[in-house]
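In the numbering used here, the protein residues as written are 213 to 348.
Structure first, then comments.
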Amino acid sequence: MELQSVALTLPAECNLILGQTHFIKTIEDLYEIMVGTSAYVKFGIAFCEASGPCLIRVVGNEPSLQEAAIQNAKAIAAGHSFVILLKEAYPINFLNAIKQCPEVCTIYCATANPVEVIVAETAQGRGILVVFVLLF
Numbered sequence: 213m214e215l216q217s218v219a220l221t222l223p224a225e226c227n228l229i230l231g232q233t234h235f236i237k238t239i240e241d242l243y244e245i246m247v248g249t250s251a252y253v254k255f256g257i258a259f260c261e262a263s264g265p266c267l268i269r270v271v272g273n274e275p276s277l278q279e280a281a282i283q284n285a286k287a288i289a290a291g292h293s294f295v296i297l298l299k300e301a302y303p304i305n306f307l308n309a310i311k312q313c314p315e316v317c318t319i320y321c322a323t324a325n326p327v328e329v330i331v332a333e334t335a336q337g338r339g340i341l342v343v344f345v346l347l348f
């Protein structure tokens, strides 16, 4: 087993929600949660598939946040993990709805602070072990 530390990159004035799910359709459900909770939020969501070609799916309404979410998802590269980057809103407004999404297994963190993810890699794939959030 190999361990890797991955520092996530958050755009200025941006918040992050990092989590894990068990179903590929989750990205569509997360999109609906975001737009259904706030008409003003700007966001990008990236989701790492865990089978087949292991693509990264992306949705959102702000291209720069979608691209930043993709870059963070690529860096983590752990199956069924998702990265939500949002502006003009706070994670607290979305967390209950995200937690109620039947496919969501875990929310690792929701913050605007620097985040470091420890990822384990085996012959079977990659998985998130722990998340460190820098406190100011």
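By construction, the Cβ of each residue, glycine as well, lies at the ideal position given by its N, Cα and C atoms.
Uninterrupted beta strand (DSSP E) stretches at least 3 residues long and entirely within the region 226-299 occur at 227-233, 254-260, 268-272, 293-299, given in chain order. Ranked by how close their Cα comes to the Cα of Ala258, the residues Tyr252, Val270, Leu277, Val247 have Val270 in first place.
Ranked by how close their Cα comes to the Cα of Thr318, the residues Glu328, Asn325, Leu307 have Leu307 in first place. Distance from the CA of Ile340 to the CA of Lys286, rounded to the nearest whole angstrom, comes to 13 angstroms. Closest in alpha carbon position to Cys313, among Pro223, Ile239, Gly337, Asn227, is Ile239.
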